[in-house]
């Protein structure tokens, strides 16, 4: 008897190897969904709002803090913690406005 699952498995592995890596916005949406903060649509809405409303440094910090484990001590996480600790008043206001928008416009549960 022939195994028909092998070509299917091989096709899946090839597709996975050839797929594009997730963008930072997609990573944020996926982390949101995996944390059960909302549906995929709600999380995509939030991630898009973040990329549009936050300055690049704050957005990168937010994505890193959302996608890495709390005990992660990588260089990227250390930089994100430093950015969070040194946010300007304008950046803090941006973050508050974004969080309100994520709840009001996207329906997220924070």
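Numbering (my numbering), first residue to last: 547 to 656.
Cβ atoms here follow ideal geometry from the backbone N, Cα and C, with glycine treated the same way.
Keep in mind that this is a model prediction, so the values were computed, not measured.
What is the rounded straight-line gap between the Cα of residue i and the Cα of residue j?
i, j, result
"residue 557", "residue 576", "At residue 557, the pLDDT of 49 sits below 50, so the modelled position is not reliable and the matter cannot be decided from this model."
"residue 649", "residue 583", "10 Å"
"residue 651", "residue 585", "13 Å"
"residue 636", "residue 603", "13 Å"
"residue 655", "residue 591", "13 Å"
"residue 560", "residue 638", "Caution is warranted here: a pLDDT of 49 is assigned to residue 560, below 50, making its placement in the model unreliable, and no coordinate value can be reported."
"residue 619", "residue 653", "32 Å"
"residue 589", "residue 567", "18 Å"
Should residue i be labelled buried (16 or more other beta-carbon atoms within 10 Å of its own) or exposed?
i, result
"residue 569", "exposed"
"residue 615", "exposed"
"residue 607", "buried"
With residue i and residue j assumed to form a contact (beta carbons below 8 Å), what rounded beta-carbon distance in angstroms separates them?
i, j, result
"residue 596", "residue 644", "6 Å"
"residue 610", "residue 626", "4 Å"
"residue 573", "residue 613", "5 Å"
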